[in-house]
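S.K.: Here it is, the structure, as C-alpha cells.
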Amino acid sequence: MQVTMIVNGERVTRDVEGRLLLVHFLRDHLALTGTHWGCDTSNCGACAVWLDGEPVKSCTVLAAMAAGHEVRTVEGLEQLGELDPIQRGFMHCHGLQCGFCTPGMLMTTRALLDSNPNPSEQEIREAISGQICRCTGYASIVRSVQWAAAEESGTRTSTVDPASVRSEPRSRERTADRP
Amino acid sequence: MQVPVPFDYERATSVEHAIGLLARLGPSARLVAGGHSLLPMMKLRLANFEYLIDINDLHNKLGYVKVEPTQIRIGAMTRHRELLESPELLRSFPIFHDAERVIADPLVRNRGTIGGSLCQADPSEDLCAVCTTLDASCVIRGLDGERVVRMADFYRGPYETAVGDAEMLTEVRFPLRPHGSSAYEKVGRRVGDWAVVSCGAAVWMDDGVITDARVGLAAVGPNTTGIPAISQALRGRPPSQDLYAEAGAIAADYCTPVTDQRGSAEYKRHLAAELTRRAMRRAVARVHGREL
C-alpha cells in the first residue's frame with residue numbers, strides 16, 4: 043500500500059506493507075536513523091517521535107496509521123543549522139552518556155517545554171517516565187531540560203545554570219571548557 | 022525484530038463504515054484504536070488478524086467528555102491524556118485522575134483510548150476497574166442499531182467482551198449521583214507497569230451515613246471485578262476505619278488472584294484488602310471535600 047505523510051516538514055510517499063511500523067519506516071525507508079529502535083515493546087521510548095505534535099512511541103504505531111499526518115523526528119529539531127535549545131542543554135549538562143535514549147528524550151522534553159516552559163523537576167521526571175536511560179543518567183537529563191527551559195525564558199544566569207551548581211569540581215571545569 | 026503477521030490495513034471514515042467493514046470481513050478483522058495493547062500483542066503473534074481496521078479518524082466524532090444532568094458520556098475514542106486532563110471528570114469522578122496518572126506513561130496516554138482499553142479486556146486493565154467501580158454502561162453499535170450493556174455483563178472472560186464480531190463500542194456512560202466521590206489505588210512494580218493489584222472505590226453519603234459504595238478490583242481475577250458484597254455491607258452505616266477494614270476483608274475474600282511473576286496470591290490478597298481500605302478512606306474524605 044502507498045503511504046504519504048509529512049516528515050520534518052517534507053512530504054514523503056512510499057510503498058509499504060500494512061504491517062510496517064513507523065520506526066522502521068523512518069529508519070529503513072527514509073534513512074532517518076536518528077530515531078532509535080530499542081525495546082520493541084513500547085517500554086523504553088528510544089523510538090519516540092512526534093505525531094501531529096504529540097510524542098508517541100513509533101514502535102507501536104503503524105506507518106499506515108501515520109499516513110496523512112505530520113511526523114517530526116530528532117533530525118527535525120535543528121533549525122537552519124542551529125541546534126534546538128534542548129539539544130544544547132543536553133550538550134552543556136551531559137544529558138547523555140551512551141546516547142541511545144537521547145533522541146527519544148529530546149523529542150519528549152521538547153514537547154514538554156512547548157506546553158510547559160518552566161517545568162518543575164517532578165514534571166520533567168513525569169514527562170520522561172515513558173523513557174528508559176540504560177545508563178541511569180536521569181539527574182543529568184533533568185538538569186539538561188532545566189538548562190534549556192532557563193535558556194528559552196532568558197533567565198539562565200550563573201545562579202540558575204545547572205552546570206554552575208554542580209557539586210563535583212571536575213565536571214564543572216569540563217563543562218566550562220565546552221564551547 | 023518483532024513484526025506482526027501480514028495483514029490488510031483499512032481505514033474507517035465513519036462508525037457505519039467501520040461496522041460495515043467488520044460485517045463484510047468477518048472475525049478475521051479487528052478494529053485498532055490507539056493500538057498500544059493490540060499492536061504489541063500482534064508483534065508477539067499472540068493476536069493475528071487478516072484485516073486491521075484503523076478507527077483513529079473517528080476521534081473527531083468519538084473523542085469527547087459530555088456532562089449531562091444525570092450522566093457523563095465519554096466517547097470510545099477519547100484518549101487517556103484527554104481523560105487525565107478533563108476538568109469535568111476531575112470534578113465528578115476524581116477516580117479517573119487517580120487512575121490515569123498511573124496508566125502506562127505519558128507517551129502511551131497520548132494514543133491509548135478508553136474504548137480500546139475496555140475492549141482489550143485485560144484482567145489488569147485499570148480503566149476497566151474504574152468503569153466497574155462507577156457502574157458504567159457501554160453503548161455497542163451494530164448493523165441493526167445500538168444496545169447498552171452494564172459493565173457487569175460486558176466482560177465474558179479474559180480478553181473477551183460482549184462486543185460481537187460486527188459491532189463496535191462507541192460510548193461509555195457514567196451515572197451521576199449526588200453526594201458521592203471516588204478514588205483509585207494501584208500497586209505496580211515500577212512506573213508504567215501493569216498493576217500487581219489495583220482498586221477503585223466510589224461512595225455516596227447522606228447525613229453522615231453511606232448510602233451506597235462500590236469497589237472494583239483489577240488483576241485479581243479473570244476480569245476486573247465488582248464486589249456486590251461490599252456494597253451490601255456498607256449501606257446505611259457511618260464511615261469508620263473499622264468499616265474500611267471490613268470492606269478490605271470482603272475484597273480479599275472475594276477476589277481470586279493467582280501467583281505469577283508480579284507476586285504471590287497471598288500477597289495480592291493482602292493488597293486487595295489494603296488498597297480497598299485506602300481507596301474507601303480517600304473516597305469518603307473527598308465526599309467531605311478533603312484530600313488525603
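Listed in order, the protein sequences are those of chains G and Y.
First residue of the first sequence: 43, per the numbering used here; consecutive thereafter.
First residue of the second sequence: 22, per the numbering used here; consecutive thereafter.
Glycine residues also receive a C-beta, built at the ideal position from the N, C-alpha and C atoms.
Could you tell me whether the Cβ of SER157(G) comes closer than 8 Å to any Cβ of chain Y?
M.R.: In the first sequence, the residue the question calls residue 157(G) occupies position 115. So, not an interface residue.
S.K.: Between SER4(G) and PRO25(Y), is the Cβ-Cβ spacing less than 8 Å?
M.R.: Any question about residue 4(G) goes unanswered here, given that chain G covers just 43 to 221.
S.K.: If we count Cβ pairs, one from each stretch, closer than 8 Å, do we get three or more for the stretch 65–75 of chain G versus the stretch 123–143 of chain G?
M.R.: The stretch 65–75 of chain G is not in contact with the stretch 123–143 of chain G.
S.K.: Measuring alpha carbon to alpha carbon, tell me which residue in ARG177(Y), GLY178(Y), PRO179(Y), ALA157(Y) is nearest VAL169(Y).
M.R.: Working through the second sequence from its first residue, we reach residue 169(Y) at position 148. If we check each option's Cα against that of VAL169(Y), ALA157(Y) comes out closest.
S.K.: Any C-beta of chain Y within less than 9 Å: which residues of the stretch 159–173 of chain G qualify?
M.R.: Listed by position along the chain: GLU168, ALA169, ILE170, SER171, GLY172, GLN173.
S.K.: DSSP three-state call for GLY172(G): helix, strand or coil?
M.R.: The residue you call residue 172(G) lines up with position 130 of the first sequence. Coil, per DSSP.
S.K.: For ASP228(Y) and PHE70(Y), what's the separation of their Cα atoms in angstroms?
M.R.: Position 207 of the second sequence, counting from 1, holds the residue named residue 228(Y). Position 49 of the second sequence, counting from 1, holds the residue named residue 70(Y). Near 54 Å, if we compare the C-alpha coordinates of PHE70(Y) and ASP228(Y).
S.K.: Cα-Cα, which of THR191(Y), GLY201(Y), THR91(Y) is closest to ALA306(Y)?
M.R.: Taking the first residue of the second sequence as 1, we reach residue 306(Y) at position 285. It is GLY201(Y).
S.K.: Can you name the residues of chain Y whose CB is closer than 7 Å to the CB of ARG56(G)?
M.R.: Reading the first sequence from its first residue, position 14 is the one you call residue 56(G). Those within 7 Å of ARG56(G) in chain Y number zero; the least Cβ separation is about 14 Å.
S.K.: I think HIS57(Y) touches THR115(G), with their Cβ atoms under 8 Å apart; what is that distance to the nearest whole Å?
M.R.: Counting from 1 along the second sequence, the entry for residue 57(Y) is found at position 36. Counting from 1 along the first sequence, the entry for residue 115(G) is found at position 73. That pair is no contact at about 20 Å.
S.K.: Taking LEU42(Y) as the query, report the chain G residues whose CB atoms sit under 8 Å from its CB, ordered along the chain.
M.R.: Position 21 of the second sequence, counting from 1, holds the residue named residue 42(Y). Ordered by position in chain G, no residue passes the 8 Å Cβ test against LEU42(Y), which lies about 14 Å from the chain.
S.K.: Give me, in chain order, the residues of the same chain whose beta-carbon lies closer than 7 Å to that of ALA108(G); leave out the 5 immediate sequence neighbours on both sides.
M.R.: Position 66 of the first sequence holds residue 108(G). Same-chain partners within the cutoff: MET47, LEU64, LEU93.
S.K.: Thinking C-alpha only, which one of LEU83(Y), ARG290(Y), PRO199(Y) is nearest VAL241(Y)?
M.R.: Along the second sequence, read from residue 1 onward, the residue named residue 241(Y) stands at position 220. When each option's Cα is compared against that of VAL241(Y), the closest is ARG290(Y).
S.K.: Mark GLU287(Y) as exposed unless 16 or more other C-beta atoms lie within 10 angstroms of its C-beta, in which case mark it buried.
M.R.: Sequence index remark: in the second sequence, residue 287(Y) carries index 266 (1-based). The residue in question, GLU287(Y), is exposed, as its Cβ has fewer than 16 Cβ neighbours within 10 Å.
S.K.: Measure the Cβ-Cβ separation of ARG167(G) and ILE128(G) and say whether it is below 8 Å.
M.R.: For the purposes of this step, residue 167(G) is taken as residue 125 along the first sequence, with counting starting at 1. For the purposes of this step, residue 128(G) is taken as residue 86 along the first sequence, with counting starting at 1. The answer is no: Cβ separation not under 8 Å.
S.K.: Residues of chain Y with CB under 7 Å from GLY179(G), in chain order?
M.R.: Stepping through the first sequence from its first residue, residue 179(G) is reached at position 137. Under the 7 Å cutoff, chain Y gives no residues; its nearest Cβ is about 17 Å from GLY179(G).
S.K.: Would the C-beta of MET98(Y) count as close to the ligand MN, meaning under 7 Å from any of its heavy atoms?
M.R.: The model on display carries no ligand, and the ligand MN is accordingly not part of it.
S.K.: Tell me which residues share the same chain as VAL279(Y) and place their Cβ nearer than 7 Å to its Cβ, disregarding the 5 neighbours each side in the sequence.
M.R.: As a working note, residue 279(Y) is residue 258 in the second sequence. ALA286, listed in sequence order.
S.K.: Would you mind working out which of ALA191(G), ASN50(G), THR178(G), ARG61(G) sits nearest PHE39(G), comparing C-alpha positions?
M.R.: What the structure shows of chain G is the stretch from 43 to 221, and residue 39(G) is not part of that stretch, so it cannot be assessed.
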